[in-house]
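Below: the structure, in structure tokens.
Protein chains: 2
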Amino acid sequence: MSRLRLEYANCLADRVGTHGISASTLEAASRQMSDLTQQLNSSKGTGMECWRLLPFDPLRTAHLEGINSLTKKHRDSTDNLVVLGIGGSALGNIALHNALCPLTYNLMPRPERDGPRIFVLDNVDPQVITRTFAEIKRTDPSFERTLVNVISKSGETAETAALFMIARGILSEAMGDKHSDHIVAITDPKQGTMRSICDEAGYETLPVPEGVGGRFSVLSPVGLFSSAMCGIDIKALLDGAAEMDERCCEPDIRQNPAAMLAFLLIELTRQGKINHVLMPYCNALYSLADWYRQLWAESLGKRVDLQGNEVFAGATPIKALGTTDQHSQIQLYREGPNDKVIGFVEVETWDDDVCIPAGLGVENLSYLEGVNLSDLLKAEKKATEYALVESQRPNFTITLPRLDAHCVGQFIQMWEIATAYAGLMLNINPYDQPAVETGKVATFGLMGRAGYEGWKDKVEKTLDTSSHMIE
Amino acid sequence: MSRLRLEYANCLADRVGTHGISASTLEAASRQMSDLTQQLNSSKGTGMECWRLLPFDPLRTAHLEGINSLTKKHRDSTDNLVVLGIGGSALGNIALHNALCPLTYNLMPRPERDGPRIFVLDNVDPQVITRTFAEIKRTDPSFERTLVNVISKSGETAETAALFMIARGILSEAMGDKHSDHIVAITDPKQGTMRSICDEAGYETLPVPEGVGGRFSVLSPVGLFSSAMCGIDIKALLDGAAEMDERCCEPDIRQNPAAMLAFLLIELTRQGKINHVLMPYCNALYSLADWYRQLWAESLGKRVDLQGNEVFAGATPIKALGTTDQHSQIQLYREGPNDKVIGFVEVETWDDDVCIPAGLGVENLSYLEGVNLSDLLKAEKKATEYALVESQRPNFTITLPRLDAHCVGQFIQMWEIATAYAGLMLNINPYDQPAVETGKVATFGLMGRAGYEGWKDKVEKTLDTSSHMIE
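Which chain is which? The protein sequence lines are A and B, in order.
Each residue of the first sequence is one higher than the last, beginning at 150 in the numbering used here.
Each residue of the second sequence is one higher than the last, beginning at 150 in the numbering used here.
Structure (structure tokens):
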């Protein structure tokens, strides 16, 4: 059993001076964090904290059975899987796919490729939609080997609804009523617009479980169905998450990765480190940083009323990629404003590796000969860590022993639990997103949706820009 | 001729209150910016400002001729183009490819795909390298229809050197000395390690021109050769850049997009908006935000000595994607710390579009029926702009009349010139990157390169973490 590691020495004052956390602050926090752990242990599985139960029975078995039954039915007969969703209904799917399927997945032929090609459409970009369906049609003109997986709890999210209407239109034009065999919806099991659509048309469905918000849903059917279709070991994902969950019930912060992570980041935020960079040294894990961006930003970026004072809480999550961004962002991270914590993510043992061959015969480069690429990658990361410490920039490292589903499951559960801790520490509800509403209703108004007539004028009056434009 | 537009009303105080720029500040800046324009007009083409000459003769013609001759030779006989580079030797290539080639480019067959498949390798990730070469070998076992384009001015960058040694090893194992016909290097025309390698092995080369730094090199052979191989209209790119350059010689800030952009961003930085988000509403333009990230971060993130006081200048560039990130980041952008400027990028006329079909028969969604996807995208952007203004968050919009090479060329030249202005405003040299050095030498030390022996101990002593790890 390989366990995720969290190294945090570079966040402490004896490493990075006043930009780090003092020993006494860490000491004092131990008690508080232990109290929060008890609080989370007892609220676990209640209200909006049902996501913590996803890796455990009975949800685990129920979801696996539902997913396996649909996967068995569709996997061999599907060449193109089109996932429609946005935000929490897409970022996890993309992250799991990129982390655990080969980079060249969509280019590979079957059976080397362990499932259909996958296209996750999470934007209403006209070119993306046109090109994607043109490519699918090229390989499957009748769309008979194409499956659409629409993910929407309510069915009312404008982007997903629009994409669904387009995809459904294409399928029904191609095959009439038979199109209903080519749609699997993941939606509310009881109510809502998408529920009614599915019931009426007879689409197969899997549930978005109750008490599981979008950005905490990756380990539910939302993220697991498309993963299973592409051959990812979803049981191992849940196993990893369950093991991490148990570690995060531990009252001692020095044994509890999520509690420590939350403490480091929120305490450093208080000390002015308001930008939180997540920087995997692994291309496959880069999309997990996008998943993290939503989790951290939408959960904690909140206006709070502190005794009559308006406070804008939260920190800005930023994604970066090592070594690539050493040649793009590290100049700034070392010599720009000291307002960041850098979180490295590292893979310890690589299954694929390449040895840099000798034979070029150039003296200056001979130090690279016979070296494994993974060792160069690790040296680069260590050197960057050192350079940041030298500039008193706090940083930490999450190490995945391997790049596999078991470790990725741990990573996900750890960050979700860390977010719950952070919510408690900031006195914020991490499960709502009130500020997203205005944009939604303003869109409805601009699109002429009944009931939102007033918004169009309001928006256009506010944004009349003619006099401040260079053209 | 379609010209880029810059709308900036939402950065002004009468839109976003004290979080914006006052009319008097803008008024007062006009004179200063006009002086800087004169300064840049006269330094243009000297020292490290030679990049401004790239769109003009004689460089233009010289580069186009060199590129066309190699493209003519290799394009039809190449099925896989492997680009090796990092930072400024990759981000521009990726950005141009994603902006101007179809999203599904690598999946399409020829002749629909107007050139070889492209794989830009800008990281020493062992899995990426293994998988990419395995995929190439699958389709081209002898590597006879594969071309490697290595981009490195010096040849000493560890990552690019390692990748080059691996790629060269694979090619020479497959075809011996004949491998030299399958390598095109873009490097210093006169000196350096890569120059010597090319001279000795007889590799074809194109120049990294003198006085053009990596992050300002995309419109040189660095970015243009791989683009031309993939069928991008590189003349139109240069035309667009040339036209923008002329607009940016205009002393009146109200007519000069780069001067206005630099003024807005640096002035707002002074007012505490230290995070600069670039958020295209267009998937194809998302990688240009990565290119911008390097330009802005590495050029301006500098430690400066202000009369004995150490100041950490610069702002943190952040990339986001509309509408996708409305469901991930907008909660934070509206209710989190008011420390950002949001730069939208919008496409005005879409060549590909999709009409959302009727037929679903759901009342709640009927407002979407018959709507073009591009109009939904625009409404979403406008609604988000409105929501940000309502929360007093400054933002601006860059509009590309079309998604084509001419407009992308304008966009690139505008941001590069804005960076030059910002350097002058901050009293910073935007053309160096001193803080990257420590990581480089520490890597050499850890890798055992001769002459860097002391660094290994130094790094390992500093980073001994055993006591601050959760495992």
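Think of the CB as a built atom: it goes at the ideal place given N, C-alpha and C, for glycine as much as any other residue.
For PRO543 (chain A), there is no enclosing beta strand (DSSP E), as DSSP marks it with neither H nor E. The beta-carbon of ASP348 (chain B) is placed no less than 8 Å from the nearest beta-carbon of chain A. Annotation: the continuous beta strand (DSSP E) that includes GLU156 (chain A) extends over 154–156.
Excluding residues up to 5 positions away in sequence, nothing lies with its Cβ nearer than 8 Å to the Cβ of GLY588 (chain A) in the same chain. Secondary structure within the segment 259–296 of chain A: the alpha helix (DSSP H) runs of 4 or more consecutive residues, fully enclosed, are 275–288 (chain order). Taking GLU399 (chain A) as reference, the option from A:GLN541, A:LYS384, A:GLN187 with the minimal CA-CA separation is A:GLN187. Rounded to the nearest whole angstrom, the C-alpha separation of ALA248 (chain B) and GLU495 (chain B) is 13 Å. For GLY492 (chain A), the enclosing beta strand (DSSP E) has its first and last residue at 489–498. Taking a C-beta distance under 8 Å as the contact criterion, GLY389 (chain B) and HIS555 (chain B) qualify as a contact pair. Of the candidates B:SER179, B:CYS160, B:ARG164, B:THR174, the residue whose Cα lies closest to the Cα of ASN405 (chain B) is B:SER179. For GLU416 (chain B), the enclosing alpha helix (DSSP H) has its first and last residue at 406–419. For ILE315 (chain B), a Cβ of chain A is located within less than 8 Å of the residue's own Cβ.
With respect to the 8 Å criterion, ASP271 (chain B) and GLY234 (chain B) are classified as neighbours on the basis of their beta carbons. Against chain B, a Cβ distance below 8 Å from GLU353 (chain A) picks out nothing, because the smallest value is about 18 Å. Closest by C-alpha distance to ILE561 (chain A), out of A:ILE577, A:GLY450, A:GLY372, is A:GLY372. Contact annotation, ILE479 (chain B) with ALA311 (chain A): C-beta distance approximately 18 Å; criterion of less than 8 Å not satisfied. Around the beta carbon of GLY558 (chain A), 16 or more other beta carbons sit within 10 angstroms, so the residue counts as buried.
From the beta-carbon of CYS398 (chain B), no residue of chain A is found nearer than 8 Å; the closest lies around 14 Å away. Proximity of chain B to SER523 (chain A) at the Cβ level (cut-off 7 Å) is accounted for by PRO275, in chain order. For GLY389 (chain B), no Cβ of chain A is located within less than 8 Å of the residue's own Cβ. Residue pairing for HIS425 (chain B): DSSP places it in a beta bridge opposite B:PRO466, B:VAL490. Of all residues in the segment 538–559 of chain B, only VAL538, GLU539, SER540, LEU552 come within less than 8 Å of chain A when Cβ atoms are compared, listed by chain position.
Here PHE461 (chain B) carries a strand assignment [DSSP, helix/strand/coil]. Proximity of CYS431 (chain B) to chain A, defined by a Cβ-Cβ separation below 8 Å, is satisfied. If you ignore the 5 residues before and after ARG201 (chain B), its C-beta comes within less than 7 Å of the C-beta of LYS193, GLY194, ASP394, all in its own chain and listed in chain order. Distance from the CA atom of SER448 (chain B) to the CA atom of THR568 (chain B), rounded to whole angstroms, is 7 Å. In the three-state scheme derived from DSSP, where H, G and I count as helix and E and B as strand, VAL231 (chain B) is classed as strand.
Contact check between the segment 366–385 of chain B and the segment 595–607 of chain A: fewer than three CB pairs, one atom from each, fall below 8 Å, which does not count as touching.
For GLU284 (chain B), the neighbours in chain A by C-beta distance under 9 Å run, in chain order, PRO251, LEU252, THR253, LEU256, MET257.
Separation of LEU525 (chain B) and THR611 (chain A) (C-alpha to C-alpha, rounded to the nearest whole angstrom) is 19 Å. Residue environment analysis places GLN340 (chain A) among the exposed positions, since fewer than 16 neighbouring C-beta atoms fall within 10 angstroms of its C-beta. Within the segment 497–515 of chain A, the residues whose Cβ lies closer than 7 Å to some Cβ of chain B are TRP499, ASP501, ASP502, VAL503, ILE505, PRO506, GLY508, LEU509, VAL511, ASN513, LEU514, listed in chain order. Under the 8 Å criterion on CB atoms, ASN190 (chain A) is classed as non-interfacial with respect to chain B.
Interface residue (Cβ-Cβ distance to chain A less than 8 Å): HIS425 (chain B) is not classified as such.
In this structure GLU416 (chain A) does not touch THR210 (chain A) by the C-beta definition: roughly 39 Å separates them, more than the 8 Å allowed. The continuous stretches of beta strand (DSSP E) do not include VAL503 (chain B), and DSSP gives it neither H nor E.
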